[in-house]
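Residue numbers (the numbering used here), protein chains in the order written: chain A, 32 to 470; chain B, 185 to 653.
All residues carry an ideal CB built from backbone N, CA and C; glycine is no exception.
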């Protein structure tokens, strides 16, 4: 290809706080009955006022710290004014010129299997609130405000990405970091991690940024990230080779058609008339507050991976797999601590190779196994009766004792019946049938 | 006994002494309303049934010996306070069918204090004005002369107290909306420090300025009500954690030694009669032992532009939620004044104009705050006229695009600085129209203001005069 991609990413991460960003409603809205997690504040009723969720702000700063950002000691919220039916107040409370975190970075692999790293600069990390959700049903559009006001952290990079591999690495790292911090589930499919790449192409020797960029929305799955970006890059390349400049616009990724479709022109940027949010006093941190937040953060993946290699003499490969999820890394270390006669390497081998099957199992497979183990199946009535009759016939003495008031003999009778029926038999069902037969 | 003529203090005494019941008191007020509201047009929504219910409950509590702060006393509430299950319109046709599912914090506090709510009073639509003439439900009238306006935006609340319909009322001030109608109607109007009383549930006009407050017949009454309303609210992030003082205590302690400041800049554009009244008030204070000191303050005319820009910018954003999708009617129901303010506010926030207008206004705001801070190093409180004139005739505000902001010139500086102010009746014009004076204090100096106002009131008879309506 004659052109170098110039890609910047805007990622929105939904925080898994108990409450929404500016009210006490539960933020656990996914899959719930529409408009059941609302209140005057997130519905934008007259007179309602926003009160910021401190935990959400702390978590935003933690994300910024994990991304090596500077945390300015003064920050504020601003109003972003525009109309859309899912925006209850007619403005979104966000941050404009004084966000919580700025000037960070994260290093990713330059390319597949490359030993070189590429530093992606993080321009800013800020807080905002999510909007309601529109559902189109025929000619009507329904609005569900359950999601209105849920805390969102927006992470914006400089246009430093040069290929889709770097983009995917970045997303995976970001996902891993917020899961380590336990501030978000970062599930693209559930919408708690959303991505908007800004894409353009330039000639390798060109200095500065290209004279256009295209924003791509609606990439709802990890699977489609590189497909969508690759499609867009190809589309730009074709236009540029043809002597045309791609239009500056917003395009949507169409999953079914596997292509991007023009949505609206980005030529005239909306005038959001940003001004400082008068309902929320600005936030003034003390250095000590930031230090405290830093100290409450868990050890981050990259640090942990390096430490595992050093402390446990593990290969980079093994260390990376063990630290992919914090729970697994913690479990490994706990095991190592209690082990006296096995080496960390041996434990690592077992976890990675032998338990790999367990680790790669889907939740539904695991549930099947558990179900089979613990749930007893309903017995066929006739089969049960036949077995019971048999048992009672062969134990006339016990039956007589039971009828004379010695009820504890039911135990052995139960045991005998169950033995004949097998492990899956439902004890309750047998007991009821036995008692009935003995009455 | 004309129970509707009582003050809160007198009504409390009477109820406790079992001289009369809350039901009797409430019925007296309701009768007065029936007699006078055709003329005055105070009530947008009269809640007669609920009021009698609340009065009954209050009588039960009184019989048990309960002593809540405002138990059994009828109040009228400005119709921009959300009242659960009771229509709340902000005097706009857009909300004429809106029934809030929740109570404003002020309402919750009043309910906990045992109030009896008579109904919701008229205001300039969306609180946009200083006359009550922009109401979509017609203007309210001044009880002193029904051919004149009561002022605004809390015009209905001022008129109802002056006319002895309600024993007291609740209003809200962004810049003058409590003090100015109090002045035109001859009652006490107290605008607390911004952040002293919760705005949760008050239909927002200008978020950085709105201050709910009491409108009463006497200064002691306003202290009683403020005591109930003041305090930090977890539902309003702009309420202050400052301790709430005991406003009703130490009223009679001497004010000898208190320094009262006044500035000539506040006499510009003011009628002769109003100026005379202020000068007379200063003399009264000297007789009471206070020191009167002339100071220099930034001319109020500078505040007009600052206030207009900040307020209209915030208004343009605060009205965006009235899209007719979730509640209320659509935007076509906005009146002319609302549309004017939305347009100007949007313009001053627009790209390219933000720096020249909104940002600059915020910078000047800082200067106004500094100006007052400096003044309060030399004086305890500042005395000034509340309004440049007495009540204007009905129709005076029509076709006057900046009527409100011009009429409120003398209260805008203190509002912009978030300071508390109180209007007390201080005299009458030759047409027998009330003239009020205002006392302005530093932030959270309500106790000092009430104290100073109380002594002036007790040394004069103006508060005892009532309209002949």
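In the structure shown, residue 281/A adopts extended strand secondary structure according to DSSP, grouped into three states. The DSSP-derived three-state label of residue 135/A is strand. A Cβ-Cβ separation of about 5 Å places residue 299/B in contact with residue 259/B under the 8 Å criterion. Excluding its 5 nearest sequence neighbours in each direction, residue 241/A has C-beta neighbours in its own chain below 7 Å: 37, 231, 232, 233, listed in chain order. In terms of Cβ geometry, residue 262/A and residue 281/A do not form a close pair [threshold 8 Å]. Cβ contact annotation for residue 447/A (same chain, cutoff 6 Å, sequence separation greater than five): 422, in chain order.
Distance from the CA of residue 303/A to the CA of residue 286/B, rounded to the nearest whole angstrom, comes to 31 Å. Taking the Cβ atoms as the reference, residue 352/B lies roughly 5 Å from residue 400/B, within the contact range of under 8 Å. Counting C-beta pairs closer than 8 Å gives fewer than three between the segment 106-118 of chain A and the segment 133-147 of chain A, which falls short of the contact rule. The beta carbon of residue 319/B is closer than 7 Å to those of 275, 306, 307, 308, 309 in its chain, skipping five residues each way along the sequence. Take residue 443/B, set aside five residues on each side of it, and the residues of its chain with a beta-carbon closer than 6 Å to its own are 475, 477, 563, 564, in chain order.
A direct Cα-to-Cα measurement between residue 100/A and residue 322/B gives close to 57 Å.
Around the beta-carbon of residue 401/A, fewer than 16 other beta-carbon atoms lie within 10 Å, marking it exposed. Fully contained in the segment 403-484 of chain B are the following alpha helix (DSSP H) runs of length 4 or more, in chain order: 403-413, 456-471. Distances from the alpha-carbon of residue 561/B to those of 592/B, 362/B, 208/B, 625/B put 625/B closest. Distances from the CA of residue 636/B to each of 646/B, 219/B, 415/B, 440/B were compared; the closest alpha carbon is that of 440/B. Identification of chain B residues near residue 92/A by a Cβ-Cβ cut-off of 7 Å yields none; the smallest Cβ-Cβ distance measures about 19 Å. Within the segment 418-466 of chain A, the runs of alpha helix (DSSP H) at least 4 residues long that lie entirely inside it are, in chain order, 427-434, 441-452.
At a C-beta separation below 8 Å, residue 119/A has these neighbours in chain B: 505, 510. Residue 286/B belongs to the set of residues whose beta carbon lies under 8 Å from a beta carbon in chain A. Among the residues of the segment 72-87 of chain A, those with a Cβ less than 9 Å away from any Cβ of chain B are 72, 74, 75, 76, 77, 78, 79, 80, 81, 82, 83, in the order of the chain.
One Cα belongs to residue 285/A, the other to residue 173/A, and the distance between them is close to 22 Å.
Using a CB distance cut-off of 8 Å, residue 302/A counts as an interface residue toward chain B. Beyond the five residues adjoining it in sequence on each side, residue 317/A comes within less than 8 Å, by CB distance, of 104 in the same chain, given in chain order.
At a beta-carbon threshold of 8 Å, the residues of chain A lying near residue 421/B are 80, 81, 82, 83, 310, 311, 312, ordered along the chain.
The residue among 330/A, 268/A, 306/A, 313/A with its C-alpha nearest the C-alpha of residue 209/A is 330/A. For the segment 121-148 of chain A, the beta-carbon criterion of a distance under 7 Å to any beta-carbon of chain B is satisfied by 121, 122.
Using a 10 angstroms sphere on the CB of residue 254/A, the tally of other CB atoms stays under 16, which defines it as exposed.
When C-alpha distances from residue 583/B are compared across 524/B, 331/B, 501/B, the shortest belongs to 524/B.
Taking 8 Å as the cut-off, the Cβ atoms of residue 385/B and residue 239/A do not count as close. Under a 10 Å Cβ-count criterion, residue 639/B is classified as buried, with 16 or more other Cβ atoms of the shown protein chains found around its own Cβ. In this structure, residue 411/B lies away from residue 571/B, with their beta-carbon atoms at least 8 Å apart. Chain order gives no chain A residues near residue 550/B, where near means a beta carbon separation below 9 Å; the closest approach is about 13 Å. If you draw a straight line from the Cα of residue 189/A to the Cα of residue 59/A, it is about 32 Å long. Nearest to residue 431/B by alpha-carbon distance, out of 230/B, 198/B, 629/B, is 629/B.
For residue 282/B, the closest C-alpha among the options 379/B, 447/B, 228/B is that of 228/B.
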